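J.: Dropping the structure in here first, questions after.
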Amino acid sequence: MDLCDIYHLSRLTIRKGMVELVSENLLYCERAQGTFVKKFTLDSTVIKDFTQELREQSKNTTTLRADISKRHADHKIAKYLQIKPRNDILILKRVRRDGKDIVAFFVPLIVFREDYFLKSKDYYRSFYNYLAITVIYTEQGFYVKNKP
0 MDLCDIYHLS
10 RLTIRKGMVE
20 LVSENLLYCE
30 RAQGTFVKKF
40 TLDSTVIKDF
50 TQELREQSKN
60 TTTLRADISK
70 RHADHKIAKY
80 LQIKPRNDIL
90 ILKRVRRDGK
100 DIVAFFVPLI
110 VFREDYFLKS
120 KDYYRSFYNY
130 LAITVIYTEQ
140 GFYVKNKP
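The opening residue of the sequence shown carries number 0 in numbering that gives the first Met the number 0; numbering runs sequentially from there.
In structure tokens form, the structure reads like this:
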């Protein structure tokens, strides 16, 4: 089964996507072998938070709403956060806007520490700065939805 069958897309569409990923240095081609995913080495200077990225595009985002709550981590979340199930985590829900336009809704899960506050107003600015978080790994995904 190939990508055309999996995603119900034409070969031309798949090819254009692959060419774009090669130009972004995410894939590489080997003659008579195929196209392969490049090995990725993490360079922490490349990772930016959402606010930094939008500032570079001359956008000024602010938090429209922030809600914080505490709960126990289930098995799946505990595995991702490398903690024990039932350990406390913070769930931060933030709506971000640029002017009047809403641009994002974030729901990060944060390992709870006793010195973290549970007041929503404390999370209207960068929680990376507030919580002294240094990003060492980030992951992005994309989803393909078939046309009805």
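Yeah, the Cβ is synthetic: ideal placement off N, Cα and C, and Gly gets one too.
Given the structure is predicted, the values throughout are model-derived calculations rather than measurements.
What residue does the alpha helix (DSSP H) around Ala-72 start on, and which one ends it?
T.: Ala-72 -> no alpha helix (DSSP H), and no H or E assigned at all.
J.: By the three-class DSSP mapping on this structure, what secondary structure does Asp-97 have?
T.: Asp-97: strand per DSSP, three-state reduction.
J.: Determine contact between the segment 62 to 72 and the segment 10 to 26, defined as no fewer than three beta-carbon pairs at a distance below 8 Å.
T.: With a cut-off of 8 Å, the segment 10 to 26 and the segment 62 to 72 do not count as touching, because too few Cβ pairs lie within range.
J.: For Pro-84, which option in His-71, Val-94, Leu-2, Lys-58 has the closest C-alpha, if you only look at C-alpha atoms?
T.: Considering only alpha carbons, the answer is His-71.
J.: Which residue wins for smallest C-alpha separation from Lys-78, given the options Ile-67, Gln-56, Ser-57, Ile-109?
T.: The option with the nearest alpha carbon to Lys-78 is Ile-109.
J.: Could you give the DSSP three-state label for Glu-29: helix, strand or coil?
T.: Strand.
J.: For Ser-68, which residues in the same chain have their Cβ closer than 6 Å to its Cβ, ignoring the five residues on either side in sequence?
T.: Once the five neighbours on either side are set aside, the close Cβ partners of Ser-68 are Ile-90.
J.: I'd like the list of long-range same chain contacts for Lys-37, defined as Cβ closer than 8 Å, with 5 residues on each side in sequence excluded.
T.: Closer than 8 Å at Cβ, skipping near neighbours: Asn-24, Leu-25, Leu-26, Tyr-27.
J.: When we look at the beta-carbon of Ile-101 and count the other beta-carbons within 10 Å, is it buried (16 or more) or exposed?
T.: Its Cβ having fewer than 16 others within 10 Å, Ile-101 is exposed.
J.: Within 10 angstroms of the Cβ of Arg-112, are there 16 or more other Cβ atoms? Answer buried if so, exposed if not.
T.: Arg-112 should be labelled exposed.
J.: What are the start and end residues of the beta strand (DSSP E) that includes Ile-109?
T.: From DSSP, the beta strand (DSSP E) with Ile-109 extends over 108 to 110.
J.: For Gly-98, which residues of its own chain have a beta-carbon under 6 Å away from its beta-carbon, when the five flanking residues on both sides are left out?
T.: The answer is none, since no qualifying residue turns up.
J.: DSSP three-state label for Asp-87, please.
T.: Looking at Asp-87 - three-state DSSP - the assignment turns out to be strand.
J.: Should Lys-58 be listed as close to the ligand FMN, given that the test is whether its C-beta is under 8 Å from any heavy atom?
T.: For the structure depicted, the ligand FMN is absent and the ligand set is empty, with no information on it obtainable.
J.: Just to confirm the assignment, what range does the alpha helix (DSSP H) spanning Glu-19 have?
T.: Taken as a continuous stretch (DSSP letters only), the alpha helix (DSSP H) holding Glu-19 covers 10 to 22.
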